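First residue of the sequence shown? That's 24 in the numbering used here, and the numbers climb one at a time after it.
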Amino acid sequence: MSPVTALTYVLPHRLLSSLARKLAYSTSPAIKQWLIDAVVRRFGVDLSEAAEPDARAYPSFNAFFTRALKPGARVAAPDPRALLMPADGHISQCGPIQDGRIFQAKGQSFTASELLGDATDAEPFRDGLYATVYLSPRDYHRVHMPWRGTLRETVHVPGRLFSVGTDAVASVPGLFARNERLVCHFDTDFGPMVSVMVGALLVSGVETVWSGLEIPAYGDRVTRKDYRGQGITLDRFEEMARFNYGSTVIVLMPPGVAELSPELHAESPVRLGQALARLEVATAQ
Numbered sequence: 024m025s026p027v028t029a030l031t032y033v034l035p036h037r038l039l040s041s042l043a044r045k046l047a048y049s050t051s052p053a054i055k056q057w058l059i060d061a062v063v064r065r066f067g068v069d070l071s072e073a074a075e076p077d078a079r080a081y082p083s084f085n086a087f088f089t090r091a092l093k094p095g096a097r098v099a100a101p102d103p104r105a106l107l108m109p110a111d112g113h114i115s116q117c118g119p120i121q122d123g124r125i126f127q128a129k130g131q132s133f134t135a136s137e138l139l140g141d142a143t144d145a146e147p148f149r150d151g152l153y154a155t156v157y158l159s160p161r162d163y164h165r166v167h168m169p170w171r172g173t174l175r176e177t178v179h180v181p182g183r184l185f186s187v188g189t190d191a192v193a194s195v196p197g198l199f200a201r202n203e204r205l206v207c208h209f210d211t212d213f214g215p216m217v218s219v220m221v222g223a224l225l226v227s228g229v230e231t232v233w234s235g236l237e238i239p240a241y242g243d244r245v246t247r248k249d250y251r252g253q254g255i256t257l258d259r260f261e262e263m264a265r266f267n268y269g270s271t272v273i274v275l276m277p278p279g280v281a282e283l284s285p286e287l288h289a290e291s292p293v294r295l296g297q298a299l300a301r302l303e304v305a306t307a308q
């Protein structure tokens, strides 16, 4: 464990993230431009893909960070049976959920019930598939749908806000099941599907397309929102949510419905819209 990761055990996570949020939303020309220019230089952000390529045109750092892409900058995989990669970034881990456990890194794992905040919610995914995608500060920060789904429920699970960088993932036990997160349950024509938006240190927030800002406010108890009967259906490749700073999205699929794309492995660079998995069952889609 690096000294920086060790320090995060004692840092006031929410206070630091709240302060970062204030900076991210500042419209002070000097503050916002200093932040934008620093990230562009440090992480090599490619603004040529952005709908607004001028770094000085953004009113705040958050507007820059959640920037839209030019039409056609990302396209959906042509195979109509392909579940799509939900975001730009790289694969942290992916593979089978083994008797309800999800591999994190270097001997670390956590259970699906810990991640989702409920054992009953986790049961359909006991021997299914998972993919954990890490979004770095240089990436496009909107998360899209792997497959067409109707929103059933969201679960806001309170927790810490550890970094989700490589060292923290390798050394903090159960990291993704400890950090604050928003669990999004969808019903699809192959069964249930979950996308988990995992918060992290200095993440200013998680927003969804159906209800806006979800995190913060930071939670002190599990909060469920029932969307059954409201007809919130999102198409394959459609935007579903965004991070107001970099973090991680985890997709869960039930057993026997799909096979992960064979070229995917830990640390694989990925782009929104490429094939995440291929359906093996018949659907109406």
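Glycine residues also receive a C-beta, built at the ideal position from the N, C-alpha and C atoms. Remember, predicted model here, so these are calculated numbers, not experimental data.
Residues that residue i bridges to, as DSSP identifies them
i, result
"GLN116", "THR155"
"SER218", "CYS207, VAL274"
"PRO292", "HIS113"
"HIS179", "LEU205, THR246"
"GLN121", "ARG124"
"VAL166", "ALA264"
"THR173", "ASP210, THR256"
"ALA281", "LEU302"
Whether residue i touches residue j by CB criterion (8 Å)
i, j, result
"VAL272", "VAL156", "yes"
"VAL284", "ALA298", "Sequence inspection shows Ser at residue 284; the Val mentioned does not correspond to that position. Yes, Cβ-Cβ distance for SER284 and ALA298 is below 8 Å."
"ILE59", "PHE87", "yes"
"LEU107", "PHE260", "yes"
"ALA154", "VAL274", "yes"
"LEU224", "SER40", "yes"
"SER291", "HIS167", "no"
"ALA110", "ASN85", "no"
"LYS55", "SER83", "yes"
"THR89", "ARG294", "no"
"GLY172", "ARG149", "no"
"GLY296", "ALA99", "yes"
"GLU303", "GLU282", "yes"
"GLY197", "PHE126", "no"
"VAL219", "SER270", "no"
"ASP249", "GLU176", "yes"
Cutoff 6 Å; reference residue i; Cβ partners in own chain excluding five residues on either side
i, result
"PRO147", "PRO215, PRO277"
"ALA96", "GLU72"
"THR246", "HIS179"
"ALA105", "ALA298, ARG301"
"ARG354", "Given a span of 24 to 308 for the chain in the structure shown, any question on residue 354 remains unanswerable."
"ILE255", "LEU174, TRP233"
"VAL195", "PHE185"
Where residue i falls: helix, strand or coil (DSSP)
i, result
"GLU72", "helix"
"THR143", "helix"
"LEU198", "helix"
"GLN297", "coil"
"SER132", "strand"
"THR89", "coil"
"ALA105", "strand"
"THR231", "strand"
"ALA53", "helix"
"GLU286", "coil"
"LEU236", "strand"
"ALA305", "coil"
Contact set for residue i: own chain, Cβ-Cβ below 7 Å, skip 5 residues either direction
i, result
"GLU262", "ARG165, HIS167, VAL232"
"GLU237", "HIS179, LEU205, VAL229, GLU230, THR231"
"GLY151", "ILE120, LEU275, MET276, PRO277, PRO278"
"PHE66", "SER159, PRO160, ARG161"
Neighbourhood of residue i by C-beta, 8 Å cutoff - its chain only, sequence neighbours within 5 removed
i, result
"ASP69", "ARG161"
"ALA91", "ALA73, ALA74, GLU75, ARG165"
"VAL63", "LEU70, ALA78"
"HIS36", "ARG183, LEU184, PHE185, LEU224"
"ASN267", "ARG44, ALA47, ASN85, PHE88, THR89, HIS164, VAL226, SER227, GLY228, VAL229, GLU230"
Within-8 Å CB hit, residue i to chain E
i, result
"GLU282", "Absence of chain E from the displayed structure is noted, only one protein chain being present."
| said: Any contact between the stretch 124-143 and the stretch 156-163? By contact I mean 3 or more CB pairs, one from each, below 8 Å. | reply: Output reads no: the stretch 156-163 does not touch the stretch 124-143.
| message | Taking contact to mean 3 or more Cβ pairs, one atom from each stretch, closer than 8 Å, check whether the stretch 177-186 and the stretch 241-256 are in contact. | response | By the Cβ criterion, the stretch 177-186 is in contact with the stretch 241-256, since at least three pairs of Cβ atoms, one from each stretch, lie closer than 8 Å.
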